[in-house]
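**Student:** Numbering (this note's numbering), first residue to last: 1 to 443. Beta carbons are placed, not taken as given, at the ideal position from N, Cα and C, and that holds for glycine. Could you have a look at this structure, given as structure tokens, before my questions?
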Amino acid sequence: MSYFKGNREYFPGIGRIAYEGPGSDNPLAFKFYDENKMVGDKTMKEHLRFAVAYWHSFCADGSDPFGSGPRTMDWNEKSGMDGAKEKLDAAFEFFTKIGAPHYCFHDRDIAPEGSTVGESEKNLQTITNLAKERQDATGVKLLWGTANVFSHPRYMNGASTNPDYNVVANAAAQVKAALEATVKLGGENYVFWGGREGYMSLWNTEMGRELDHMARFLTMARDYGRKIGFKGPFLIEPKPMEPSKHQYDFDSSTVVGFLRKYELDRDFKLNIEANHATLAQHSFAHELEIARAEGMFGSVDANRGDPQNGWDTDQFPFDVYDTTEAMVSILKSGGFSTGGLNFDAKIRRNSTDREDLFLAHIGGMDAFALGLEKAWTLLNDSELPGLVKERYASFDKGQGQDFENGKMTLDQLAAEADYGKVKPISGKQEKIENIINRILFTK
Ligand code: XUL
Ligand code: CO
């Protein structure tokens, strides 16, 4: 199996990662992710639509607020556009060696900011022209593009919600250029993560006005995207806090309410990130289920937090209970259409070997392959769907059905009240949990 080769090999000694099955003890092989294996009517590759995140894998060197980065990355040695070109080659070598069909980037991950708006745009155009060549040569596709309107100090008070109009205009220039880059590269979605769209203190904040500004900005971006031929969904990625004390896109329910209020719900969907869900005191599956209930499921940023702290630790997925529960919800949503599983995840600061980036992705891909297979079995070959259906059976016929279909008034419903008809009905939670373990730990 071939992989992309630039001027230099950045991951020497590592070839195309192959599926060797659960019996293999080769750390650089898939044990569960067999891209051509059929699960129902699609291959694993088609179901899972994995993507590699440019920022964590090729830009970050492991630095944290307490110290500089311990990782050496040969492709990050040169600065400016020379460095950006080497990083692009390293990225495509990695995508094709790990066998990820997609990638995702922010404008500033892939091309450096220049000293003027025009120079930044030129940098982005130059690098995305090269990215297009590499996409065409390898078949790797862009899952989504986005603009980083949160890292530069000019965005310290927000981007579209900034109280200074001049900053909002700068955010517009970046989003416009990032939309153009996404369209050029055939990106299937466009993401908005509002890292600093929120507040640090309510004493200096006009919240209603900022929300109106955010909606105005998103509406303009939607209109521009459609004008230049972007057909896919715009995605909002909810997160409750970090870096802001409070972010307006707090969680899925909040975002759905916002989108409906400003009539953006037809063009926008949700990009659910596991660790953002837990930061909001929800579970990953909870956020996916809200998106499903609202008909707004779009894509996933696959990662996990750490149960012992509340931060956005962005660890690679590992917990198969979690990936199974997530895949149950995703399959019930009808699976991915334009979305996919983007590893918005970083290797630990002390994971300093070059192979660690491979091991992390192999583990994440295997965890979701297992989750997919187990979820498929739970939904198609277990007692679970029947047990859930049975719980709601009183709404499938007669007056329950009339109630559900809006054919009853409160008077009529109240007239049915009868203490004698209400019997305790077990929720069967433990039975279901036992079924899940049986499916998880048998073939
Ligand atoms: C930050 C985060 C972002 C978005 C894209 O927590 O998840 O990387 O995914 O801007
Ligand atoms: Co994310």
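Using C-beta distances below 6 Å, list every residue in its chain close to S394, excluding the 5 sequence neighbours before and after it, in chain order.
**Tutor:** Locating residue 394 in the sequence shown gives position 394, where the first residue counts as 1. Taken in chain order, the residues that qualify are G400.
**Student:** Return the chain-ordered list of same chain residues with a C-beta closer than 7 Å to the C-beta of D251, the five sequence neighbours on each side being excluded.
**Tutor:** Walking along the sequence shown from the start, residue 251 turns up at place 251. Same-chain partners within the cutoff: P238, P240, A280, H282, E287.
**Student:** Going by C-alpha distance, which of G295, V328, K231 is nearest V255?
**Tutor:** Along the sequence shown, read from residue 1 onward, the residue named residue 255 stands at position 255. Checked all of G295, V328, K231; the closest Cα to V255 is G295.
**Student:** Taking the C-alpha atoms as reference points, what is the distance between P22 and L359?
**Tutor:** Numbered from 1 along the sequence shown, position 22 holds the residue referred to as residue 22. Numbered from 1 along the sequence shown, position 359 holds the residue referred to as residue 359. Whole-angstrom Cα-Cα distance: 15 Å.
**Student:** Please tell me whether F343 and A293 are closer than 8 Å, where the distance is taken between their beta carbons.
**Tutor:** Translated into positions along the sequence shown, residue 343 becomes position 343. Translated into positions along the sequence shown, residue 293 becomes position 293. Not in contact: F343 and A293 (Cβ atoms no closer than 8 Å).
**Student:** Return the chain-ordered ranges of every beta strand (DSSP E) run that is complete within the segment 258-319 and spans a minimum of 3 residues.
**Tutor:** List check, beta strand (DSSP E) in window: 268-273, 297-301.
**Student:** What did DSSP end up calling L384 once you bin it into helix, strand or coil?
**Tutor:** Position 384 of the sequence shown holds residue 384. Three-state result, L384: helix.
**Student:** Do G198 and H246 have their CB atoms nearer than 8 Å?
**Tutor:** The count along the sequence shown starts at 1 and reaches residue 198 at position 198. The count along the sequence shown starts at 1 and reaches residue 246 at position 246. A contact, by the Cβ cut-off of 8 Å.
**Student:** Got a sec: does the ligand CO put a non-hydrogen atom nearer than 7 Å to the Cβ of E273?
**Tutor:** Reading the sequence shown from its first residue, position 273 is the one you call residue 273. Flag set: Cβ of E273 near the ligand CO.
**Student:** Judging by CA-CA distance, which residue of G62, Y54, E430 is the nearest neighbour of R348?
**Tutor:** Working through the sequence shown from its first residue, we reach residue 348 at position 348. The residue with the shortest Cα to Cα distance from R348 is G62.
**Student:** If you follow the alpha helix (DSSP H) that Y165 is in, where does it begin and where does it stop?
**Tutor:** Taking the sequence shown and counting its residues from 1, one reaches residue 165 at position 165. Element bounds for Y165: 165-184.
**Student:** Three-state secondary structure (DSSP) at F368?
**Tutor:** Mapped onto the sequence shown, residue 368 falls at position 368. Helix at F368.
**Student:** Helix, strand or coil: how does DSSP classify Y54 here?
**Tutor:** Within the sequence shown, numbered from 1, the residue matching residue 54 stands at position 54. Helix at Y54.
**Student:** Could you check if H483 belongs to the surroundings of the ligand XUL, using beta carbon to heavy atom distance under 7 Å?
**Tutor:** In the structure displayed, the chain extends from 1 to 443; residue 483 sits before or after that span and is not available.
**Student:** Please return the same chain residues whose Cβ sits closer than 8 Å to the Cβ of S2, not counting the five positions on each side in sequence.
**Tutor:** In the sequence shown, the residue the question calls residue 2 occupies position 2. Counting only Cβ-Cβ distances below 8 Å, and skipping sequence neighbours, we find R16, T96.
**Student:** Is any heavy atom of the ligand CO found at a distance shorter than 7 Å from the C-beta of D301?
**Tutor:** The count along the sequence shown starts at 1 and reaches residue 301 at position 301. Yes, Cβ of D301 sits closer than 7 Å to a heavy atom of the ligand CO.
**Student:** Given a cut-off of 8 Å on the beta-carbon distance, is the pair D314 and A345 in contact?
**Tutor:** Here residue 314 is taken as the residue at index 314 of the sequence shown, counted from 1. Here residue 345 is taken as the residue at index 345 of the sequence shown, counted from 1. Yes. Within cutoff.
**Student:** Would you say the beta carbon of W144 is closer than 7 Å to some non-hydrogen atom of the ligand CO?
**Tutor:** Position 144 of the sequence shown holds residue 144. W144: no, Cβ never under 7 Å from the ligand CO.
**Student:** Contact defined as beta carbons within less than 8 Å: I believe S382 pairs with I330. What is the distance between those atoms, to the nearest angstrom?
**Tutor:** Your numbering for residue 382 matches position 382 in the sequence shown. Your numbering for residue 330 matches position 330 in the sequence shown. Between I330 and S382 the Cβ distance is about 17 Å, and since that is not below 8 Å, they are no contact.
**Student:** Shorter than 7 Å, the distance from the beta carbon of D249 to the closest heavy atom of the ligand XUL, or not?
**Tutor:** Residue 249 sits at position 249 when you count from the first residue of the sequence shown. No, the ligand XUL has no heavy atom inside 7 Å of this Cβ.
**Student:** For T409, which beta-bridge partners are listed by DSSP?
**Tutor:** In the sequence shown, the residue the question calls residue 409 occupies position 409. DSSP lists no partner for T409.
**Student:** Among residues of its own chain, excluding the 5 on either side of L235, which ones have a beta-carbon nearer than 8 Å to its beta-carbon?
**Tutor:** Taking the sequence shown and counting its residues from 1, the one referred to as residue 235 is at position 235. Taken in chain order, the residues that qualify are W144, N189, Y190, V191, F192, F268, K269, L270, N271, G298, S299, G339.
**Student:** Would you report the Cα separation of T161 and Q174, rounded to the nearest angstrom?
**Tutor:** By one-based count along the sequence shown, residue 161 stands at place 161. By one-based count along the sequence shown, residue 174 stands at place 174. So the two alpha carbons sit approximately 15 Å from each other.
**Student:** Could you tell me the alpha carbon to alpha carbon distance between K85 and D107, rounded to whole angstroms?
**Tutor:** Along the sequence shown, one-based indexing puts residue 85 at 85. Along the sequence shown, one-based indexing puts residue 107 at 107. Distance between the alpha carbons of K85 and D107 is about 14 Å.
**Student:** Smallest Cα separation from T442: which of G406, A414, E390, T377?
**Tutor:** Numbered from 1 along the sequence shown, position 442 holds the residue referred to as residue 442. That would be T377, whose Cα lies nearest to the Cα of T442.
**Student:** Return the first residue and the last residue of the beta strand (DSSP E) that I236 is part of.
**Tutor:** Taking the sequence shown and counting its residues from 1, the one referred to as residue 236 is at position 236. It spans 234-236 - the beta strand (DSSP E) in which I236 sits, taken as one unbroken run.
**Student:** Between the Cα of K45 and those of S337, K423, E263, spot the shortest distance and give me the residue it belongs to.
**Tutor:** Locating residue 45 in the sequence shown gives position 45, counting from the first residue. The option with the nearest alpha carbon to K45 is S337.
**Student:** In terms of residues, what are the limits of the beta strand (DSSP E) holding V497?
**Tutor:** Here the chain has residues from 1 to 443 only, and residue 497 is not among them.
**Student:** Three or more C-beta pairs closer than 8 Å, one from the segment 366-376 and one from the segment 106-124: is that the case here?
**Tutor:** Output reads no: the segment 106-124 does not touch the segment 366-376.
**Student:** Can D344 be considered in contact with the ligand CO, in the sense that its beta carbon sits closer than 7 Å to one or more heavy atoms?
**Tutor:** Here the question's residue 344 lines up with position 344 in the sequence shown. Yes, the beta carbon of D344 sits closer than 7 Å to at least one heavy atom of the ligand CO.
**Student:** Less than 7 Å between C-beta atoms, sequence neighbours within five positions excluded: which residues of the same chain meet that for I228?
**Tutor:** As a position in the sequence shown, residue 228 is number 228, starting the count at 1. Result list for I228: L179, E180, V183, in chain order.
**Student:** Between which two residues does the beta strand (DSSP E) carrying V191 extend?
**Tutor:** Within the sequence shown, residue 191 is the residue found at index 191, counting from 1. Segment 189-192, the beta strand (DSSP E) holding V191.
**Student:** Out of curiosity, what's the CA-to-CA distance linking S77 and K87?
**Tutor:** Here residue 77 is taken as the residue at index 77 of the sequence shown, counted from 1. Here residue 87 is taken as the residue at index 87 of the sequence shown, counted from 1. Per the sequence shown, residue 77 should be read as Glu rather than Ser. If I take the Cα positions, the gap works out to 9 Å.
**Student:** Pull up the distance between the alpha-carbon of A369 and that of A221, whole angstroms please.
**Tutor:** Looking up residue 369 in the sequence shown gives position 369. Looking up residue 221 in the sequence shown gives position 221. Between A369 and A221, the C-alpha separation is close to 35 Å.
**Student:** Can you check which of these residues, F316, N309, R266, is closest to E273 by C-alpha distance?
**Tutor:** Indexing the sequence shown from 1 puts residue 273 at position 273. For E273, the nearest C-alpha among the options comes from F316.
**Student:** The ligand XUL and V52: does any heavy atom of the ligand fall closer than 7 Å to the residue's C-beta?
**Tutor:** Within the sequence shown, the letter at position 52 stands for residue 52. Because no heavy atom of the ligand XUL lies under 7 Å away, the Cβ of V52 does not count as near it: no.
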